[in-house]
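Step one of this worksheet: look at the structure below.
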Amino acid sequence: MSTTDPRSTLPARDPRVVAAAGAAAALGLAVYLVGLPGSVSLFGTPLADLTLPAALFVAFAGTAVAAAVLTRTTWRVVDLVVASVLGVAGGLLFAVWNVAVWPAASGALAFYPPASAVLVGVWLLPAVLGGLVVRKPGAAVYTELVAATISAFIGNQWGFATVWYGLVEGLGAEVVLAVLLYRRFGLGAAIGAGLGAGVAVGLMDSLIYYPEFSAAYKVAYVVLAMVSGAVIAGVGSAYLTKALARTGALAPLASGRTAERV
Numbered sequence: 006m007s008t009t010d011p012r013s014t015l016p017a018r019d020p021r022v023v024a025a026a027g028a029a030a031a032l033g034l035a036v037y038l039v040g041l042p043g044s045v046s047l048f049g050t051p052l053a054d055l056t057l058p059a060a061l062f063v064a065f066a067g068t069a070v071a072a073a074v075l076t077r078t079t080w081r082v083v084d085l086v087v088a089s090v091l092g093v094a095g096g097l098l099f100a101v102w103n104v105a106v107w108p109a110a111s112g113a114l115a116f117y118p119p120a121s122a123v124l125v126g127v128w129l130l131p132a133v134l135g136g137l138v139v140r141k142p143g144a145a146v147y148t149e150l151v152a153a154t155i156s157a158f159i160g161n162q163w164g165f166a167t168v169w170y171g172l173v174e175g176l177g178a179e180v181v182l183a184v185l186l187y188r189r190f191g192l193g194a195a196i197g198a199g200l201g202a203g204v205a206v207g208l209m210d211s212l213i214y215y216p217e218f219s220a221a222y223k224v225a226y227v228v229l230a231m232v233s234g235a236v237i238a239g240v241g242s243a244y245l246t247k248a249l250a251r252t253g254a255l256a257p258l259a260s261g262r263t264a265e266r267v
């Protein structure tokens, strides 16, 4: 099953969005190659350490903004409320996961260091779920950012880094929905959004948190993060959306009303 927003008359893809994606990717690559200055800090973190997240932000945000402008979709109060509720729920999930599950689970996978990436999909759930449920430009980013901010305020092992991680992870999911012009929200779109978020977290983790990894380990980590994003966040969010729709909780939203086979 896949769903389409009937209000949009735009084609499934728009060459302007494709062009924007290419330009944003080139600009993001330029940011990464040039780098940010190490003499300036943000919340105690040298800007140079944030070069990769900044590059990914530029690459993803350009595409998302272009698609948002083309779709001309506005948020309603109910959209903001639902996205906020999902973000808060995600933040509470993170708080439990970070303490009760992650340390033991990641330790059990220590026999092959990149294997811990199979668990990262849990941290990507709010982004994909928010995008599928709310179906508005920025929903994936907003929901993930709310969840990450709550996780940081509650306290975790990574501190403020959780917030900018959430921003980039949310954009990783957002960019896929943007390329689809926010018209496709079925299983394929969900898996794609999970893959996008998995690419973001895989690259950041392998280059920032695990710089000692060999090239083979880094590639393996990114691939496993993509799989985790696709399965846990992508497939998981698709079925969570359907389950929520069945309860009637999403009745005010398109995700609670439309279901079209493609």
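Numbering (our numbering) for the sequence shown: 6 to 267. By construction, the Cβ of each residue, glycine as well, lies at the ideal position given by its N, Cα and C atoms.
query	result
Looking at LEU229: is its Cβ nearer than 9 angstroms to the Cβ of ALA120?	yes
Does GLU217 pass the burial test, meaning 16 or more other C-beta atoms within 10 Å, or should it be called exposed?	exposed
May I have the straight-line CA-CA distance separating ALA235 from ALA178, to the nearest angstrom?	10 angstroms
Could you spell out where the alpha helix (DSSP H) holding ALA166 opens and where it closes?	166-184
Might you give, ordered along the chain, the residues of its own chain that have their beta carbon closer than 6 angstroms to the beta carbon of GLY171, omitting 5 neighbours on each side?	GLU149, LEU150, ALA153
What three-state label does DSSP hand ARG262 in the structure shown?	coil
When the distance is taken between beta carbons, is LEU41 closer than 9 angstroms to ALA30?	no
What are the complete alpha helix (DSSP H) segments, minimum 4 residues, inside the segment 19-74?	20-39
Tell me whether the segment 82-98 and the segment 108-118 touch, counting them as touching only if at least three CB pairs, one residue from each stretch, are closer than 8 angstroms.	no
Cutting at 7 angstroms between CB atoms, please list the residues of its own chain near PRO58, excluding the five before and the five after it.	TRP169, VAL173, MET209
Please report the straight-line C-alpha distance between VAL125 and VAL206, rounded to a whole angstrom.	8 angstroms
Nearest to ALA132 by alpha carbon, out of GLY191, LEU258, GLY239?	GLY239
Starting from the Cα of VAL181, find the closest Cα among TRP128, VAL123, PHE65 and give me that residue.	PHE65
Can VAL146 and GLY193 be called in contact, C-beta distance under 9 angstroms?	no
When DSSP labels each residue in this structure, what does ARG81 get in the three-state scheme?	coil
Give the C-beta separation of VAL138 and LEU258 to the nearest angstrom, bearing in mind that I take them to be a contact with Cβ-Cβ under 8 angstroms.	7 angstroms
Is TYR214 buried or exposed, if buried means 16 or more other CB atoms sit within 10 Å of its CB?	exposed
With DSSP run on the structure shown, which of helix, strand or coil describes ARG188?	coil
Return helix, strand or coil for VAL125, following the three-state DSSP convention.	coil
Quick check: GLY203 and SER233, are their CB atoms within less than 9 angstroms of each other?	yes
Would a C-beta distance cut-off of 9 angstroms place ALA183 and ALA73 closer than the cut-off?	yes
Pick out whichever of ALA26, ILE196, ALA166, LEU55 has its Cα sitting closest to the Cα of VAL39.	LEU55
By the three-class DSSP mapping on this structure, what secondary structure does ALA254 have?	coil
Classify PHE99 as helix, strand or coil using the three-state DSSP reduction.	helix
Inspect the beta-carbon positions of PHE99 and VAL127 and report whether they are closer than 9 angstroms.	yes
ALA105 to SER111, Cα distance in whole Å?	11 angstroms
Suppose the cutoff is 7 angstroms on Cβ atoms and the five residues either side in sequence are ignored; what does the same chain contact list for THR78 look like?	LYS141, PRO142, TYR187
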